[in-house]
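K.L.:
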Amino acid sequence: MKATVKLFASLRTGRFDLSEIELVNGSSITDLLELLQIEQKEAAIIFINGVHAEYTSNIKECDQIAIFPPIGGG
Amino acid sequence: MLSSEELERYSRHFLIDGWDRSCQLKLKNSCVFIAGAGGLGNPASMYLAAAGVGKIIICDMDSVELSNLNRQILYTMNDINLSKAESACTRLKGINPSSEIIPLNKKIEDAVDMISGSDLILDCLDNFTSRLFLNSVSHTNRIPMVHAGVSGYYGQLTFIIPGSTPCLNCFISENTQASSQAITGAMAGIAGSMQAIEALKFLTGTGEVLAGKLLFIDCMTMSFSTMKMTKKPGCKTCS
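Protein chains in written order, with the working numbering: chain A, 1 to 74; chain B, 1 to 239.
1) Given a limit of 8 Å on CB to CB distance, which residues of the region 26 to 51 of chain A reach chain B?
2) So, are the CB atoms of F171/B and L120/B less than 8 Å apart?
3) With a threshold of 16 other CB atoms inside 10 Å of the CB of K2/A, please say whether the residue is buried or exposed.
4) Does any residue of chain B bring its CB to less than 8 Å from the CB of F8/A?
5) Give me the chain A residues within the contact set of D62/B, using Cβ-Cβ distance strictly less than 8 Å, ordered along the chain.
6) Check whether the Cβ of Q170/B lies closer than 8 Å to any Cβ atom in chain A.
7) Contact criterion: CB-CB distance below 8 Å. Does T124/B meet it with respect to chain A?
8) Could you name the residues of chain B that L71/A contacts, counting a contact when the two beta carbons are closer than 7 Å?
9) What residues from chain B crowd round G14/A, counting only those whose CB sits closer than 7 Å?
10) Looking at F133/B and I108/B, is the spacing between their C-beta atoms short of 8 Å?
11) Out of curiosity, what's the CA-to-CA distance linking N81/B and I67/A?
12) Looking at the secondary structure, which residues open and close the beta strand (DSSP E) in which S138/B lies?
13) Would you say A66/A reaches chain B, if we count a Cβ-Cβ gap shorter than 8 Å as a contact?
14) What runs of the beta strand (DSSP E), each 3 residues or longer, lie entirely inside the region 56 to 121 of chain B?
15) Which residues of chain A have a Cβ atom closer than 8 Å to the Cβ of G247/B, listed in chain order?
16) I want to verify the contact list: residues of chain A whose CB lies under 9 Å from the CB of T176/B, in sequence order.
17) Start and end of the beta strand (DSSP E) containing Y154/B?
18) Can you find a C-beta in chain A that's less than 8 Å from the C-beta of D218/B?
19) For chain A, is any of its Cβ atoms less than 8 Å away from the one on G36/B?
20) Does chain A have any CB closer than 8 Å to the CB of F224/B?
21) So, using beta-carbon positions, are I59/A and I46/A closer together than 8 Å?
22) Would you please verify whether the beta carbon of I183/B is less than 8 Å from any beta carbon of chain A?
23) Would you call the CB atoms of V150/B and L7/B closer than 8 Å?
This is the structure we're talking about:
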């Protein structure tokens, strides 16, 4: 199955801004992070189709996934 | 009523579409609680005081350190080791003596009674634990909150309306930790200024606030993107 993945801020370095990723059916956010070599602590905010997702959330065909690092300074 | 001095001070506001004297009076009668007098809280408080917000409560338990001065433009070398809240209060009163500035030299967790009497909260904090606490106070007291965060050349911003939009806990988990203290002063200035803009629009009833949307600012490439968000089913704070 395919899903669209959008990365933000430092997560883009050495990866991409926006890409269509081929995943095995039943893949989770954890599987995607492993594929992209992103540590869980670096994926602070995750949305699937605009709804907050957990590491265990399952990904479905054509999902739009956005991943942000922690941006909490002030 | 606005005095003749106030009419002159705010005369450029009255040239903005939809911003008349009644809008200025709304600002004069408003109370904004600014949580954090750091890189975000500095520009946000300066612009709100200058714009004529009647009462600003600025809360921070820290003292000014030399490493703050790359971004915290309310402070000078003379403020080092002094209370941020007190130093900010002195500067803000200088910017606009007609605004009432209340400094709180304490933790956010000890300022709940002051938060609950405000019209709007600005989340200008620097850690997720305190941000989520502030979010729960916003939700419990039904006080809207403007959230911003910065890191390096990046920033994020959203406007939270309790009961209507996703809250902070809808998209930030309790165990989230900041990964870096990297920050450019100008980035904090942009995000803090945007918080002030959101506050002014909300308090005057002009424009459209960033409700239910997360603005991501990438100053590394000078690009802005906005993403619509929905409430998280089962959110521990707002569901």
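Quick reminder that beta carbons are idealized off the backbone N, C-alpha and C, glycines included.
P.N.:
Looking at the atomic coordinates:
1) In summary, the residues of the region 26 to 51 of chain A whose CB is separated from some CB of chain B by less than 8 Å are K41, E42, A44, I45, F47, G50, V51, in the order they occur in the chain.
2) no
3) exposed
4) yes
5) Neighbours of D62/B on chain A: none; closest Cβ ~12 Å, over 8 Å.
6) The displayed chain sequence assigns Cys, not Gln, to residue 170/B. C170/B belongs to the set of residues whose beta carbon lies under 8 Å from a beta carbon in chain A.
7) The sequence given here places Cys at residue 124/B; Thr does not occur at that position. Yes - at least one Cβ of chain A is within 8 Å of the one on C124/B.
8) Per the sequence shown, the amino acid found at residue 71/A is Ile instead of Leu. Neighbours of I71/A on chain B, chain order: G149, V150, S151, Y154, G155, Q156.
9) Within 7 Å Cβ-Cβ: nothing; G14/A doesn't reach chain B, min ~14 Å.
10) yes
11) 39 Å
12) Looking at the DSSP string, S138/B is not in any beta strand (DSSP E); the run it does join, the alpha helix (DSSP H), is 128 to 141.
13) yes
14) 100 to 104
15) In the structure displayed, chain B extends from 1 to 239; residue 247/B sits before or after that span and is not available.
16) K41, A44, I45, P70, G72
17) 154 to 160
18) yes
19) So, interface residue.
20) no
21) no
22) yes
23) no
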